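> Got a structure for you, written out below as structure tokens; questions coming shortly.
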Amino acid sequence: MSSLLRISHLNKSFYKNEVLADFNMDLPEGKILGLLGPNGSGKTTLLKLIAGLLKPTSGEIYIDDCQPSYITKGYVSFLPDCDFLFEDCKIDRMADYYADFFADFDRRKFYEFMRFMDVESHQKIKALSKGNKEKLNLSFVLSRKARLYLLDEPLGGVDPVARDKIINAIIKNYMEKSAMIISTHLVDYIEPVLDEVAFLHHGTIALAGNAEDLRAERGKSIDEIYREVYRND
Amino acid sequence: MTKLIKLMKHELGLRKISVFKLGIAAVIVNVLFIIGILASGMDIAEIIRLSVADEHEAMGALLPPLAIALLAFSPVLFVIDGLLLLMPLLNAILAFRRDVFGKERYLIFSLPVKGAQIIGARMAVACLDYGAALLLFGVLTVGIVAAFLGGSFVSAVGSFTISNLPLLLLNLASALLEFALFIMVMYFIIIIISKAVRNVQKGRRVLGIVLGVMLFNVVLNIKGAITQGIQRLMPAFQINVNTSAFQAFFADFNDRYLQLPYTAQCGFSLDLPFNPLIFTTEIILLAVLFKIVVHFADKRLEV
Amino acid sequence: MAYAFDERVPIYLQIIDEIKRQLVTNKLKGGDKMPSVRELSEGMEVNPNTVQRAYQELERLGITYTQRGMGTFVTQDEGIIISIKEEMAMDAVRQFAESMQSLGMSPQDTIKCLEDYFEKGAAQ
Numbered sequence: 139m140s141s142l143l144r145i146s147h148l149n150k151s152f153y154k155n156e157v158l159a160d161f162n163m164d165l166p167e168g169k170i171l172g173l174l175g176p177n178g179s180g181k182t183t184l185l186k187l188i189a190g191l192l193k194p195t196s197g198e199i200y201i202d203d204c205q206p207s208y209i210t211k212g213y214v215s216f217l218p219d220c221d222f223l224f225e226d227c228k229i230d231r232m233a234d235y236y237a238d239f240f241a242d243f244d245r246r247k248f249y250e251f252m253r254f255m256d257v258e259s260h261q262k263i264k265a266l267s268k269g270n271k272e273k274l275n276l277s278f279v280l281s282r283k284a285r286l287y288l289l290d291e292p293l294g295g296v297d298p299v300a301r302d303k304i305i306n307a308i309i310k311n312y313m314e315k316s317a318m319i320i321s322t323h324l325v326d327y328i329e330p331v332l333d334e335v336a337f338l339h340h341g342t343i344a345l346a347g348n349a350e351d352l353r354a355e356r357g358k359s360i361d362e363i364y365r366e367v368y369r370n371d
Numbered sequence: 247m248t249k250l251i252k253l254m255k256h257e258l259g260l261r262k263i264s265v266f267k268l269g270i271a272a273v274i275v276n277v278l279f280i281i282g283i284l285a286s287g288m289d290i291a292e293i294i295r296l297s298v299a300d301e302h303e304a305m306g307a308l309l310p311p312l313a314i315a316l317l318a319f320s321p322v323l324f325v326i327d328g329l330l331l332l333m334p335l336l337n338a339i340l341a342f343r344r345d346v347f348g349k350e351r352y353l354i355f356s357l358p359v360k361g362a363q364i365i366g367a368r369m370a371v372a373c374l375d376y377g378a379a380l381l382l383f384g385v386l387t388v389g390i391v392a393a394f395l396g397g398s399f400v401s402a403v404g405s406f407t408i409s410n411l412p413l414l415l416l417n418l419a420s421a422l423l424e425f426a427l428f429i430m431v432m433y434f435i436i437i438i439i440s441k442a443v444r445n446v447q448k449g450r451r452v453l454g455i456v457l458g459v460m461l462f463n464v465v466l467n468i469k470g471a472i473t474q475g476i477q478r479l480m481p482a483f484q485i486n487v488n489t490s491a492f493q494a495f496f497a498d499f500n501d502r503y504l505q506l507p508y509t510a511q512c513g514f515s516l517d518l519p520f521n522p523l524i525f526t527t528e529i530i531l532l533a534v535l536f537k538i539v540v541h542f543a544d545k546r547l548e549v
Numbered sequence: 049m050a051y052a053f054d055e056r057v058p059i060y061l062q063i064i065d066e067i068k069r070q071l072v073t074n075k076l077k078g079g080d081k082m083p084s085v086r087e088l089s090e091g092m093e094v095n096p097n098t099v100q101r102a103y104q105e106l107e108r109l110g111i112t113y114t115q116r117g118m119g120t121f122v123t124q125d126e127g128i129i130i131s132i133k134e135e136m137a138m139d140a141v142r143q144f145a146e147s148m149q150s151l152g153m154s155p156q157d158t159i160k161c162l163e164d165y166f167e168k169g170a171a172q
């Protein structure tokens with residue numbers, strides 16, 4: 139299996155505040171990685187660095203052997219942890235926008251997602267409820283046939299029904315040639331979806347491994363291991 | 247290139263205020279004003295003659311009541327037309343604010359396009375906006391007046407004549423250049439301030455904002471100093487578009503090379519002294535600023 | 049509908065158990081075609097790689113076999129199905145016996161309880 143994402147000796151500081159310290163990671167194709175940790179452990183910063191929205195202080199990131207740039211943005215699909223679409227637009231118009239800029243955007247798949255999520259596409263984005271907005275955001279991100287998906291807190295602030303739909307959409311979207319990183323602190327919901335997990339602690343990996351192996355080794359759920367790792371925080 | 251055009255297309259659709267709509271509203275108001283003046287039945291030719299001769303009292307006596315009422319209303323036209331020229335600036339600032347501070351920045355800076363294309367598209371759209379406003383304001387509003395009245399026309403708004411095209415274009419180009427320079431500096435400052443605002447230390451945040459505003463001043467001052475310096479050092483180069491010297495120069499130029507049919511020049515102009523050297527310097531300054539801003543957007547801007 | 053897993057145990061083992069249970073209760077029969085990895089992972093809301101791992105294990109155990117280009121099928125070997133049933137029954141008995149033991153019941157008491165239970169059950 140070839141490595142789709144390679145991160146070596148990555149450091150990121152905001153002035154004197156060190157957020158990531160000597161961070162290393164390898165993610166092969168076909169894997170779904172759970173990036174777990176409490177707020178402030180550096181999850182969002184890491185995803186933004188991979189997405190090319192932040193610049194590393196030092197160290198290297200390679201996505202398909204290419205450092206983050208406008209080229210990698212063509213095959214990395216990033217879901218930020220807030221609403222990032224143009225509020226005044228109608229959904230259909232936003233789909234035009236995606237189709238114009240992302241060569242890998244699949245409009246048919248997008249409308250399938252919208253049907254699956256029960257979101258009507260002839261309305262303005264700002265008219266949607268919070269849960270529907272999150273579903274819409276995710277639909278746009280997953281409707282790209284990207285190599286790497288970065289989902290920052292995809293389950294934050296949605297009701298359990300929407301949660302089920304979102305998890306189902308993530309599994310539906312699984313592709314052998316792609317990889318996905320999901321950051322979250324709501325571990326128990328997303329647990330069965332993950333192949334690999336990495337626990338982030340003060341900008342470094344406190345624990346990482348295959349989710350099934352960790353369960354077998356410790357006889358505990360990932361959620362319980364999570365509580366153990368961060369017990370002293 | 248196609249990416250740039252797509253960016254411009256979407257940017258035009260996403261602007262908060264449509265200059266075109268506002269422009270059409272302004273034209274309608276202006277045209278209504280003219281129709282009113284025409285309907286009032288005043289002797290236009292005589293009034294123009296008196297106005298040019300500076301005989302305001304005699305002119306006043308000739309004005310019918312409807313025309314007086316309309317002329318009293320004319321400050322509103324000023325406001326509307328002024329707003330029209332301010333809108334592009336407001337639009338540009340709103341767009342920059344959204345790029346750097348809005349949540350949409352995550353999408354904008356996730357697009358597989360270069361920073362130069364994003365900033366280039368913003369610049370192009372802002373200039374298009376401003377050009378459209380200028381054209382609407384100048385050609386339509388003023389041109390319609392002049393065309394209606396067949397020659398020149400004097401009203402409370404100013405003295406109008408049919409402008410000829412090359413002069414109009416020169417004027418438009420230098421006005422656009424000034425505008426482009428101004429918003430380029432704005433973009434630069436907004437990027438610097440964004441870096442400051444995202445700084446975790448409060449002291450540095452304040453310092454950064456203050457420095458940003460100061461820098462804005464410095465850049466504008468440098469530009470002003472260059473302009474003034476050139477004007478002082480080479481006054482011979484200066485051509486004031488509103489002076490009769492330029493009209494004479496242009497009439498001569500037209501007779502020799504262009505032979506355009508026209509009766510008079512000048513017009514609504516923005517009263518910019520036109521100096522080719524300053525024009526060139528400003529183009530260079532714009533290019534340098536663009537390079538710097540793109541460098542910042544590509545290498546330094548974090549969202 | 050998502051399947052309720054006990055997340056303290058590797059999920060692929062639970063998928064294997066579930067398929068064995070379906071076999072024993074005749075929901076799955078010998079020669080039946082198994083759902084594809086993708087279908088099962090969507091149905092259970094589980095990572096496809098986990099389902100894949102369960103399928104590999106099932107095949108290693110001889111419970112299923114793969115026909116190239118056709119999919120995965122349940123074995124028609126009755127012996128395997130019977131032995132699974134016996135194995136699962138033994139598991140259930142072991143669990144029951146252990147919990148009775150933890151209540152301090154002797155084997156004789158346990159058998160007595162069991163007999164009483166079935167008699168009552170039959171009366172109802």
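Chains as they are written, first to last, in the numbering used here: chain E, 139 to 371; chain L, 247 to 549; chain A, 49 to 172.
Idealized CB from N, CA, C, for every residue including glycine.
It should be emphasised that the depicted structure is a prediction, and the values quoted were computed from it without experimental measurement.
1. For a contact defined as C-beta to C-beta under 9 Å, what are the partners of V359 of chain L on chain E?
2. Given a cut-off of 8 Å on the beta-carbon distance, is the pair G341 of chain E and V214 of chain E in contact?
3. Can you check the region 309-351 of chain E for any beta strand (DSSP E) of at least 3 residues that lies completely inside it and give the ranges in chain order?
4. Taking 8 Å as the threshold, find out whether the region 255-265 of chain E comes into contact with the region 223-241 of chain E through three or more Cβ pairs.
5. Hey, how far is the Cα of E258 of chain E from the Cα of Y249 of chain E?
6. Could you give the distance in angstroms between the alpha-carbon of K81 of chain A and the alpha-carbon of R144 of chain E?
7. By the 8 Å beta-carbon criterion, what residues does the region 360-371 of chain E contribute toward chain A?
8. Would you mind reading off the limits of the beta strand (DSSP E) that contains K150 of chain E?
9. Please tell me whether G357 of chain E has its Cβ less than 8 Å away from any Cβ of chain A.
10. DSSP three-state label for G458 of chain L, please.
11. Using a beta-carbon distance cut-off of less than 7 Å, what residues from the region 81-100 of chain A approach chain E?
12. By Cβ distance, which residues of its chain are closer than 7 Å to R245 of chain E, with the 5 residues on each side in sequence left out?
13. Can you list the residues of chain L that C220 of chain E reaches, using a CB-CB cut of under 8 Å?
14. Once DSSP output is grouped into helix, strand and coil, what is the label at Q261 of chain E?
15. How big is the Cα-Cα spacing for M136 of chain A and Q143 of chain A?
16. Less than 8 Å between C-beta atoms, sequence neighbours within five positions excluded: which residues of the same chain meet that for F394 of chain L?
17. For H256 of chain L, does the count of other Cβ atoms within 10 angstroms reach 16, so buried, or fall short, so exposed?
18. Taking a cut of 9 Å between CB atoms, which residues from the region 142-171 of chain E lie near chain A?
19. Between K310 of chain E and chain A, is there a C-beta pair that is closer than 8 Å?
20. Whole-angstrom Cβ separation of V540 of chain L and A362 of chain L, contact assumed at under 8 Å?
21. Strictly below 7 Å CB to CB, what residues from chain E border P58 of chain A?
22. In the structure shown, what three-state DSSP assignment does S398 of chain L receive?
23. Determine, for V487 of chain L, whether the minimum Cβ-Cβ distance to residues of chain E falls below 8 Å.
24. Whole angstroms is fine: what's the gap from F222 of chain E's alpha carbon to G212 of chain E's?
25. Does any residue of chain E have a CB that is nearer than 8 Å to the CB of L268 of chain L?
26. Check whether the Cβ of L163 of chain A lies closer than 8 Å to any Cβ atom in chain E.
27. Any beta-carbon of chain E closer than 8 Å to the one on F144 of chain A?
28. Using only the alpha-carbon positions, how far apart do A336 of chain E and R86 of chain A sit?
29. What three-state label does DSSP hand T120 of chain A in the structure shown?
30. Shorter than 7 Å, the distance from the beta carbon of K267 of chain L to the closest heavy atom of the ligand ATP, or not?
31. Compare the C-beta of A189 of chain E with all C-beta atoms of chain L and state if any pair is closer than 8 Å.
32. Is it the case that the Cβ atoms of G119 of chain A and S84 of chain A are separated by a distance below 8 Å?
33. Locate the beta strand (DSSP E) running through Q205 of chain E, then write down its first and last residues.
34. For chain E, check one thing: does any of its Cβ atoms lie closer than 8 Å to the Cβ of E257 of chain L?
35. What does DSSP give as the partner residue(s) for L312 of chain L in the beta ladder?
36. May I ask you to verify whether the region 191-211 of chain E touches the region 169-180 of chain E, counting CB pairs closer than 8 Å and requiring at least 3?
Checking against the coordinates, here is how it stands:
1. Y208, K211 and F239
2. Not a contact, by the Cβ cut-off of 8 Å.
3. Along the length of the region 309-351 of chain E, whole beta strand (DSSP E) runs at least 3 residues long occupy 317-322, 334-339 and 342-348, reported in chain order.
4. yes
5. 10 Å
6. The straight-line gap from Cα to Cα measures roughly 40 Å.
7. I360, D361 and E362
8. S141 to F152 is the span of the beta strand (DSSP E), which, as asked, contains K150 of chain E.
9. yes
10. helix
11. S89, E90, E93, V94, N95, P96, N97 and T98
12. A233 and A237
13. K349 and Y352
14. coil
15. 11 Å
16. Summary for F394 of chain L: the model assigns pLDDT 47, below 50, so the residue's position carries little reliability; its value from the coordinates is reported in the next sentence. Same-chain partners within the cutoff: I280 and L284.
17. H256 of chain L is buried by the Cβ-count criterion.
18. G168, K169 and I170
19. yes
20. Between V540 of chain L and A362 of chain L a beta carbon distance of about 4 Å is seen, short of the 8 Å cut, so the two are scored as contacting.
21. E350, R353 and A354
22. Note that S398 of chain L has pLDDT 44, beneath the 50 cutoff, so the model's placement of it is unreliable and the number below is only indicative. Coil at S398 of chain L, not helix or strand.
23. For V487 of chain L, the predicted model reports a pLDDT of 42, less than 50, meaning its position is unreliable and no value from the coordinates is stated.
24. 17 Å
25. No, L268 of chain L does not count as interfacial toward chain E.
26. Before going on, a small fix: residue 163 of chain A reads as Glu here, not Leu. Cβ-Cβ to chain E under 8 Å: no for E163 of chain A.
27. no
28. Approximately 25 Å between the Cα atoms of the pair.
29. If DSSP states are grouped into helix, strand and coil, T120 of chain A belongs with the strands.
30. Absence of the ligand ATP is noted for the structure shown, with no ligands found whatsoever.
31. yes
32. yes
33. That residue, Q205 of chain E, is in no beta strand (DSSP E); it is neither H nor E in DSSP.
34. no
35. Paired residues: none, contrary to the question.
36. The count of Cβ pairs closer than 8 Å, one atom from the region 191-211 of chain E and one from the region 169-180 of chain E, stays below three, leaving the stretches out of contact.
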